[in-house]
Amino acid sequence: MKTMLNSLTLATGIALLFSLSGTPDVRAAETATNDLPLPFPLIERFENFHVQDGMPTHKVHCVLRASDDKLWVGTYDGALVREDGKFRRIGVEDGLSHKMVLCMVEDKRTGDMWIGTMRGLNRYSAGRVTTYLQTDSGLPNNVIYGLGIVDDTLWVATAAGLGVLNLKTGEWTIYDHTNTTMHEPWVYSVAGANGRVFVGVWGSGILEYDLTRKIFTEYRDPDRDFHFELVHDAGPINDVTSWVAWDEGILWQSTYFGMSRYDGSRWRTWEEKKSPLVSNFINFIWAHGRVAWVGTDRGVSVTDGDTWVTYRANENGEGLAEITRPGQPVETRTMATKLPNDFVLGIWADDQEAWFATSDGLGHANFAASPKSAKVATAK
Amino acid sequence: MKKRAFILLLILVCFASVALWLRQNYWIDHMRQMSGQKSLANVSCFNCHLVSTAKLRWAQPRPHHDAPAGMAISPDGKKIYIALDDRDEVAEADTTSRQVLRRVKVAGRPFGLAIDAAGKNLFVTCRNTDRLAVLDTQTLQETGSIAVGMAPVAVAFCRTAAGDRLVVANSMSDDISVLSVSPLQELGRPSAGREPFAVAITPDGTRAFVANRMVRLVSVKTIPTSEVTEIDPMTARTVRREALESAHQSEGICAVPSRSWMLTPLVKVRNLVPITQVANGWVMSSGLAITDVKSGNVIQMPLDEANNYFADPSGVVVDSSGHRAFVASGGGDVVTVVDLDRMAAWLDKADPTTKQEAIYDMSLSPAYVTARIPTQRNPHQLTLSPDGGTLFVAERLADSVLVVDANNLTEKGRIILGDGGLNDPIRRGERVFTKAAYTFQHQFSCRSCHPDGHVDGLSYDFDTSGIGDNLLDNRSLLGVAGTEPFKWNGKNASLEIQCGPRFAKVLMRTDPIPQKELLDLTTFIKSQPPQRVTRNEDGTLTPSQERGKAIFFATKTKNGTEIPHEKRCASCHRPPLYSVRLSFDVGTGGTFDTPHLLGVANTAPYLHDGRALSLEEIWTLYSTNDSHGVTSYMNKIQLNDLVEFLKTL
Chain A
89 MKTMLNSLTL ATGIALLFSL SGTPDVRAAE TATNDLPLPF PLIERFENFH VQDGMPTHKV
149 HCVLRASDDK LWVGTYDGAL VREDGKFRRI GVEDGLSHKM VLCMVEDKRT GDMWIGTMRG
209 LNRYSAGRVT TYLQTDSGLP NNVIYGLGIV DDTLWVATAA GLGVLNLKTG EWTIYDHTNT
269 TMHEPWVYSV AGANGRVFVG VWGSGILEYD LTRKIFTEYR DPDRDFHFEL VHDAGPINDV
329 TSWVAWDEGI LWQSTYFGMS RYDGSRWRTW EEKKSPLVSN FINFIWAHGR VAWVGTDRGV
389 SVTDGDTWVT YRANENGEGL AEITRPGQPV ETRTMATKLP NDFVLGIWAD DQEAWFATSD
449 GLGHANFAAS PKSAKVATAK
Chain B
282 MKKRAFILLL ILVCFASVAL WLRQNYWIDH MRQMSGQKSL ANVSCFNCHL VSTAKLRWAQ
342 PRPHHDAPAG MAISPDGKKI YIALDDRDEV AEADTTSRQV LRRVKVAGRP FGLAIDAAGK
402 NLFVTCRNTD RLAVLDTQTL QETGSIAVGM APVAVAFCRT AAGDRLVVAN SMSDDISVLS
462 VSPLQELGRP SAGREPFAVA ITPDGTRAFV ANRMVRLVSV KTIPTSEVTE IDPMTARTVR
522 REALESAHQS EGICAVPSRS WMLTPLVKVR NLVPITQVAN GWVMSSGLAI TDVKSGNVIQ
582 MPLDEANNYF ADPSGVVVDS SGHRAFVASG GGDVVTVVDL DRMAAWLDKA DPTTKQEAIY
642 DMSLSPAYVT ARIPTQRNPH QLTLSPDGGT LFVAERLADS VLVVDANNLT EKGRIILGDG
702 GLNDPIRRGE RVFTKAAYTF QHQFSCRSCH PDGHVDGLSY DFDTSGIGDN LLDNRSLLGV
762 AGTEPFKWNG KNASLEIQCG PRFAKVLMRT DPIPQKELLD LTTFIKSQPP QRVTRNEDGT
822 LTPSQERGKA IFFATKTKNG TEIPHEKRCA SCHRPPLYSV RLSFDVGTGG TFDTPHLLGV
882 ANTAPYLHDG RALSLEEIWT LYSTNDSHGV TSYMNKIQLN DLVEFLKTL
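Protein chains in written order, with this note's numbering: chain A, 89 to 468; chain B, 282 to 930.
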């Protein structure tokens with residue numbers, strides 16, 4: 089009872105502070121919103137690629153800018169490499185184990201590209217494709233959802249466990265529900281961190297593998313409920329992890345029921361009804377610096393956890409940029425261009441550009457030089 | 282000895298008497314049950330009992346010889362360094378007097394050599410200890426060492442914009458270590474083809490080319506290809522992978538200054554043609570792959586003559602002007618001299634189709650092969666003095682280095698490293714093993730299919746009718762002593778029979794190897810130990826390997842069900858040879874001899890016809906109904922554990 093009273097007192101105090109000092113600021117922000125800097129670049133224009141632009145198929149699963157600056161695109165019908173403004177396709181006829189490319193990761197030291205497909209793992213090395221199947225290697229399963237490279241090991245998220253290939257010795261190690269705390273073997277994503285690897289398991293939260301101590305730590309939805317977030321900011325938002333991403337000490341988790349962020353000590357969670365997140369149904373999350381790009385079934389959100397911008401199409405098919413700053417009303421801008429499709433399956437972004445893999449084409453985002461220079465119509 | 286035998290016999294008689302007393306057919310039942318054979322015609326107690334590797338020839342001490350491996354010449358051309366891998370030594374010799382000046386111990390089978398631009402440091406690949414050692418050329422003392430991939434055999438030094446680099450070919454881990462020289466550290470380890478064996482750098486230092494000895498693992502009915510791997514030595518990134526179609530056994534590579542070429546000697550192999558076509562020149566020939574450094578296009582040119590072959594091309598070197606190439610024929614005991622200007626002129630005139638077909642035209646070589654320099658046994662590595670005036674030829678099985686005036690191709694003399702070892706039957710046998718003179722028109726030697734006694738990773742069509750399709754996987758000769766009978770059908774009771782007159786008639790198409798040489802040959806083969814394996818340095822097993830060992834020796838499945846004796850791994854692959862030397866049907870279409878498993882990890886493909894490209898495929902694709910041991914109870918983790926254990930044998 090005493091605790092509750094203390095909490096009420098604290099909440100009242102905070103509310104009073106906001107009421108006394110906040111209102112004039114909000115007004116000021118409303119008038120000067122466009123001038124406030126954002127913690128990440130704003131997209132100025134989309135350039136989209138469809139079948140008529142050289143894409144072999146409409147459905148694009150993943151996209152990646154390699155260290156040699158070539159763009160790699162994983163599609164329903166093979167992988168594409170964009171060189172000199174043209175797409176070059178790598179398909180089954182080139183040795184790929186299956187046409188449906190689900191994920192890719194580059195070994196930046198050698199330039200080899202590891203390609204995960206619906207049936208097998210492939211290493212594309214200077215034009216040569218080497219395949220790894222569950223029948224001819226230690227790969228746990230042929231369905232490859234995610235890939236990550238940490239030092240001399242390749243981490244492979246598969247439909248039947250996590251496979252770890254030692255790139256120097258060729259030894260495979262498998263982690264699944266029989267030898268870890270994972271409740272299900274459906275591993276969807278891996279993300280390397282400093283001395284750790286985060287593993288997103290569909291229906292089993294997130295596992296953190298400590299590379300030094302060689303042990304797993306489990307992060308689960310605290311209420312173990314698949315549909316509602318009963319306990320806010322107390323752990324992963326849901327056990328159904330669709331993707332994990334890590335950069336600069338921040339772990340991001342996406343699920344079909346919202347998303348969460350973990351900085352090593354504190355969790356934060358977001359759902360569409362309680363935050364600017366455009367949709368709970370999140371296919372993919374990309375971390376760059378301290379910012380996350382969130383690919384959902386209704387567009388893309390980009391956020392540092394406080395400020396949000398969502399790119400989507402409105403009911404008239406027009407492109408929108410919805411900017412939400414802390415304590416500010418949503419600023420909606422109509423854009424001359426838009427995502428190729430709002431069902432976003434993959435993202436790659438840095439400080440200069442962003443690429444979006446969608447269910448109907450590939451999108452390329454050019455960033456505005458600064459928020460002020462965004463050549464978009466502004467509408468409230 | 283006689284006393285021990287008598288006691289043993291007495292014990293056996295006692296056992297037999299008791300057993301007969303117990304049950305008249307005890308021993309017959311026991312042998313049937315344990316061997317899994319209906320007929321006991323080929324079964325004896327010694328299939329399972331009293332088998333020891335300790336007394337096998339390969340486990341015995343053997344003489345060591347002064348066989349020259351890699352060579353490197355000081356920048357001033359005054360000294361030559363020679364790796365003596367069998368002695369664990371590196372020798373320094375004076376190039377003018379041809380006298381050996383110093384010999385120093387370098388542990389771990391030193392094999393490949395390179396020297397830096399200033400001539401201060403000599404880099405040595407140590408094949409058995411997986412490291413690169415640095416020797417100070419003044420003192421010949423080791424000043425540094427670094428771990429690289431498994432079984433490094435070749436190293437090249439180069440200068441790049443980012444500093445000096447070393448590129449090391451790791452033959453057993455199928456990768457390339459790229460090292461910075463100062464500090465000595467590994468920058469990256471890009472993958473190579475299969476068994477990378479030689480390295481060359483372009484004159485500008487921007488590219489390193491690595492020749493690979495074995496073909497890529499592909500379906501046995503596919504034309505095999507080996508690879509030339511191209512990397513950027515500055516960044517350690519892979520740039521290109523050129524395929525050498527229907528070719529393998531490349532043990533040398535060399536850049537051609539001024540032409541933007543890279544030359545790779547190769548064995549053109551036609552393993553999918555019935556082997557009986559030897560007499561028609563259809564099985565093997567020697568060639569030279571020319572890789573255009575800029576485009577990556579490859580053309581293969583023949584080195585043989587229409588009715589005379591120069592088998593096992595290995596080392597290659599090109600003079601500094603780029604006019605001539607020298608190629609060692611390890612099986613033919615010659616160094617072939619190629620006029621590159623003439624070859625280029627022919628290529629300029631040829632249309633694209635003619636160029637692609639050139640390798641099949643044995644009448645072409647007189648157009649550009651200008652000489653064949655005779656050597657002593659088994660010329661292998663070659664090197665030229667910095668001024669291009671002197672050619673050095675490592676005569677590996679003569680323990681000498683031939684010194685040739687490269688201008689007029691006359692012999693200057695030899696650097697004598699040892700006595701040739703002709704009193705050693707093993708050495709004599711190796712000379713037979715590597716000699717192509719025993720085959721029709723000198724087309725190939727034993728080594729052509731069994732480099733270093735191992736395998737070439739191919740399946741050959743052994744249909745004696747000459748029309749069929751009877752692919753048989755080539756089996757390693759390493760660790761083969763004591764594993765008779767031989768052949769996949771188990772019909773050859775000894776190596777002497779295996780390598781004897783019938784083999785000559787079917788395969789070599791010549792008179793049989795004379796009896797004395799045949800005995801030396803089999804002595805050499807029996808002296809070859811199993812291939813090195815992956816294991817902890819202290820010999821202990823990793824947890825995964827331990828679990829795999831338990832599976833290998835399991836008598837029950839994980840739910841406690843008894844595994845029938847004939848379906849246990851260790852029943853047919855019984856230690857210490859991991860073979861009971863009997864034939865079994867493992868569901869692959871017949872009854873086949875049980876191969877031993879010593880060094881099995883590096884002998885892919887598997888099963889009698891090479892259909893399984895990996896150990897996993899034996900059970901995931903071809904023996905899914907417990908026809909090759911009871912394995913259906915295993916999950917993927919357990920199968921991986923079993924494979925990890927097999928890698929340690």
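Backbone N, C-alpha and C define an ideal beta-carbon position, used for all residues, glycine too.
In three-state terms, what does DSSP make of residue i?
i	result
V564 (chain B)	coil
A99 (chain A)	Any reading at A99 (chain A) must be qualified, since the residue scores a pLDDT of 43, below 50, and its modelled position is unreliable; no value is offered.
D156 (chain A)	coil
A456 (chain A)	coil
K283 (chain B)	helix
F784 (chain B)	helix
H529 (chain B)	strand
A120 (chain A)	The predicted position of A120 (chain A) is uncertain, since its pLDDT is 43 and thus under 50; no value can be drawn from it.
G383 (chain A)	strand
Y350 (chain A)	strand
A437 (chain B)	strand
C407 (chain B)	strand
Do you know offhand how far residue i's Cα is from residue j's?
i	j	result
G474 (chain B)	V459 (chain B)	15 Å
R855 (chain B)	Y903 (chain B)	22 Å
N589 (chain B)	L498 (chain B)	31 Å
M565 (chain B)	N371 (chain A)	55 Å
G451 (chain A)	L235 (chain A)	22 Å
T418 (chain B)	A517 (chain B)	27 Å
T836 (chain B)	W900 (chain B)	18 Å
R849 (chain B)	G142 (chain A)	56 Å
G393 (chain B)	L672 (chain B)	18 Å
Could you check whether residue j and residue i sit closer than 7 Å to each other, using their CB atoms as the reference points?
i	j	result
T273 (chain A)	G249 (chain A)	Checking the sequence, you will find Pro at residue 273 (chain A) rather than Thr. Closer than 7 Å, so yes.
R390 (chain B)	R408 (chain B)	yes
R488 (chain B)	E511 (chain B)	yes
T357 (chain A)	E317 (chain A)	yes
S860 (chain B)	T764 (chain B)	yes
I592 (chain B)	G612 (chain B)	According to the sequence provided, residue 592 (chain B) is Ala. The question's Ile does not apply to it. Closer than 7 Å, so yes.
P555 (chain B)	G568 (chain B)	no
R658 (chain B)	R712 (chain B)	yes
R133 (chain A)	T412 (chain A)	no
Going by CA-CA distance only, name the one from the options that's closest to residue i.
i	options	result
V509 (chain B)	B:T572, B:V861, B:S463	B:T572
T261 (chain A)	A:Y350, A:W243, A:S277, A:V278	A:W243
K319 (chain B)	B:F327, B:C730, B:I309, B:S666	B:I309
S740 (chain B)	B:I427, B:V911, B:H889	B:H889
V366 (chain A)	A:A380, A:S353, A:T398, A:A375	A:T398
H376 (chain A)	A:N402, A:R400, A:W334, A:V388	A:W334
Y233 (chain A)	A:D327, A:G434, A:E171, A:E296	A:G434
P417 (chain A)	A:F128, A:S363, A:A380	A:S363
L879 (chain B)	B:L894, B:I778, B:V761	B:V761
T931 (chain B)	B:Y362, B:D366, B:E370, B:L802	Since the first residue shown for chain B is 282 and the last is 930, residue 931 (chain B) is missing from the structure and cannot be characterised.
H138 (chain A)	A:K187, A:T446, A:L159, A:F455	A:T446
V618 (chain B)	B:H529, B:D600, B:A388	B:D600
S681 (chain B)	B:P356, B:L822, B:D700	B:D700
Residue i: beta carbon under 6 Å from a heavy atom of the ligand NAP?
i	result
P795 (chain B)	In the structure shown, the ligand NAP is absent, as is every other ligand, since no ligand is present at all.
Pull out every residue of the region 176-199 of chain A whose Cβ sits closer than 8 Å to any Cβ of chain B, in chain order.
R197, T198, G199
Check distances from the C-beta atoms of the region 200-227 of chain A to those of chain B and list, in chain order, the residues that come in under 9 Å.
D200, R211, S213, A214, G215, R216, T218, L221, Q222, T223, D224, S225, G226, L227
According to a CB-to-CB cut-off of less than 9 Å, which residues of the region 506-520 of chain B neighbour chain A?
E508, T510, E511, I512, D513, T516, A517, R518, T519, V520
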